[in-house]
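So in the working numbering, the last spot in the sequence shown is 531, and the numbers never skip. Every residue gets a Cβ at the ideal spot worked out from N, C-alpha and C, and that includes glycine.
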Amino acid sequence: MTAWIPEPGEIVLSQDVVGFATGAAPKVSGMRWFRDFERNDIQDQLPGWPEGRTYTPRTERQRRSRSAGRFGLHALYALVVGGLETLAGSGSIAKGPTSLDAAPEDPENEVEDFPVMWADTGTLARTLPWQLDRTRRPVAYRTFAVVTDQRLVVLGSPKGDQHRTEYLWACDRADIADAKNMPFSNDRPDVVIRFTDRSWCRIQVASSGIDRYLVTPHELISHHALNSAQRQTVDAFMTKHEFDLPPVISRRPSGNFLIEGHAGNEPRPRRALTAAFQFMGPHGETVEAQPGDC
238 MTAWIPEPGE IVLSQDVVGF ATGAAPKVSG MRWFRDFERN DIQDQLPGWP
288 EGRTYTPRTE RQRRSRSAGR FGLHALYALV VGGLETLAGS GSIAKGPTSL
338 DAAPEDPENE VEDFPVMWAD TGTLARTLPW QLDRTRRPVA YRTFAVVTDQ
388 RLVVLGSPKG DQHRTEYLWA CDRADIADAK NMPFSNDRPD VVIRFTDRSW
438 CRIQVASSGI DRYLVTPHEL ISHHALNSAQ RQTVDAFMTK HEFDLPPVIS
488 RRPSGNFLIE GHAGNEPRPR RALTAAFQFM GPHGETVEAQ PGDC
């Protein structure tokens, strides 16, 4: 097993630890399903997949019991943390259990059911690797996605091994119809990736790296396409951080530019790809990120 590297001329834009998402609503909490376009369960029909867990949505009685348990947990947490904060003075000292503040945007697939693969025979989502399912892969195994200017790639690696990656799957960027953040989730928003053949998948991501180049529209800008003031800003940024690789420059939805310096062009598990970044305005000035830019 050797480290995966991009093709010559292929620009790596972001990487992130990913996996199939997990339901958050009481009926489907901790569960996931693999469905065809008729909503049939297809997990036993996926070629080469090892056996995985099967789930049954909770009944109303089970959901009430689970909700009561969660209420007790939150009440206990509030009591303990409240006492600690009284002793420590003002200000919060800890972050509590996750609360689902966002309303579900797709109740059929977030509340009543929770498919993480929606795929008929012959569609792209049906070819996704089984290693994305944490109940099927070894405990120490990790999967992460790499977004380049040409492809979306899924790699796998034993936990903590920085130099061994296994190529699992890839598709061309042209095969992706769109990607969308889904805030109704257990932690940060899941991402639903829809392919041009109408199949889709729902993944959990560890940070905003994948979102930046899949969900948010972007336009890569070459150094020579910038004006003089902008080139000076980019050159100063690169000199300051002493990067060997050329910067990745993209035009964001606000019209401003994002300059990213990468520590390397070889994705590695548990390593941030972007080592430094800066937002730049039309005249080379440093600006703050605007909504939708990140």
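- request: State yes or no: is the beta carbon of Trp241 nearer than 8 angstroms to at least one beta carbon in chain B?
  value: Although the question refers to chain B, the structure presented lacks it and comprises just one protein chain.
- prompt: Below 8 angstroms between beta carbons: does that hold for Arg435 and Cys531?
  reply: No, the Cβ-Cβ distance between Arg435 and Cys531 is not below 8 angstroms.
task: With a floor of 3 residues, list each beta strand (DSSP E) that falls wholly inside the segment 457-524, ordered by position along the chain.
output: Unbroken beta strand (DSSP E) stretches of 3 residues or longer found wholly inside the segment 457-524: 485-488, 494-499, 511-517, given in chain order.
message: Run through the DSSP bridge pairs and tell me what Ala382 is partnered with.
response: In DSSP, Ala382 forms a bridge with Asp253, Val391.
field: Inter-residue Cα distance where the pair is Glu345 and Ala416
entry: Take the alpha-carbon of Glu345 and the one of Ala416: they are about 18 angstroms apart.
- request: List the residues that DSSP assigns as beta-bridge partners of Asn580.
  value: Residue 580 cannot be examined here, being either before or after the span of the chain that is shown, 238 to 531.
query: Can you tell me the Cα-Cα spacing of Arg489 and Val524, whole angstroms?
result: Put simply, the backbone Cα of Arg489 is about 12 angstroms away from that of Val524.
Alpha helix (DSSP H) segment containing Asp448, residue limits: The continuous alpha helix (DSSP H) containing Asp448 extends over residues 446-451.
message: Within a Cβ cutoff of 7 angstroms, which residues of the same chain sit near Gln469, ignoring the five residues on either side of it in sequence?
response: Its chain contains Gly521 as the residues whose beta carbon lies nearer than 7 angstroms to that of Gln469, once the 5 sequence neighbours on both sides are disregarded; these appear in chain order.
- request: Can you tell me which of the three DSSP states Trp241 falls into?
  value: Coil at Trp241, not helix or strand.
query: Going by C-alpha distance, which of Trp241, Leu250, Ile242 is nearest Arg410?
result: Checked all of Trp241, Leu250, Ile242; the closest Cα to Arg410 is Leu250.
query: What residue from Val485, Leu451, Asp253 has the CA that sits closest to His461's CA?
result: Taking only the C-alpha atoms, the option nearest His461 is Val485.
Nearest-angstrom Cα separation, counted from Met475 out to Phe197: Missing from the structure shown is residue 197; the chain here goes from 238 to 531 and no further.
message: For Gln515, which residues in the same chain have their Cβ closer than 6 angstroms to its Cβ, ignoring the five residues on either side in sequence?
response: Answer for Gln515: Phe474, Ile496, listed in chain order.
message: To the nearest angstrom, how far is the alpha carbon of Pro395 from that of Trp367?
response: A direct Cα-Cα distance of roughly 15 angstroms separates Pro395 from Trp367.
message: Please classify Arg290 as buried or exposed, where buried requires at least 16 other C-beta atoms within 10 Å of its C-beta.
response: A residue is called buried when at least 16 other Cβ atoms come within 10 angstroms of its Cβ; Arg290 does not meet this threshold and is exposed.
query: When we look at the beta-carbon of Phe274 and count the other beta-carbons within 10 Å, is it buried (16 or more) or exposed?
result: Exposed: under 16 other Cβ atoms inside 10 Å.
Exposed unless 16 or more other CB atoms sit within 10 angstroms - verdict on Gln527: When all chains shown are included, Gln527 counts as exposed.
task: Report yes if the C-beta of Asn277 is less than 7 angstroms from at least one heavy atom of the ligand ATP; otherwise report no.
output: The ligand ATP is absent from the structure shown, which contains no ligands of any kind.
task: Pull up the DSSP beta-bridge partners for Gly362, would you.
output: One detail in the question is off: residue 362 reads as Ala in this sequence, not Gly. Answer is none; Ala362 lacks a bridge partner.
query: What's the gap between the Cα of Ala262 and the Cα of Gly256?
result: Note on geometry: alpha-carbon atoms of Ala262 and Gly256 lie some 18 angstroms from one another.
task: Under the assumption that Asp412 contacts Thr385 (Cβ atoms under 8 angstroms), give the Cβ distance between them as a whole number of angstroms.
output: Rounded, the Cβ-Cβ distance is 13 angstroms, inconsistent with contact.
query: In terms of DSSP beta bridges, what is Pro352 paired with?
result: Trp270.
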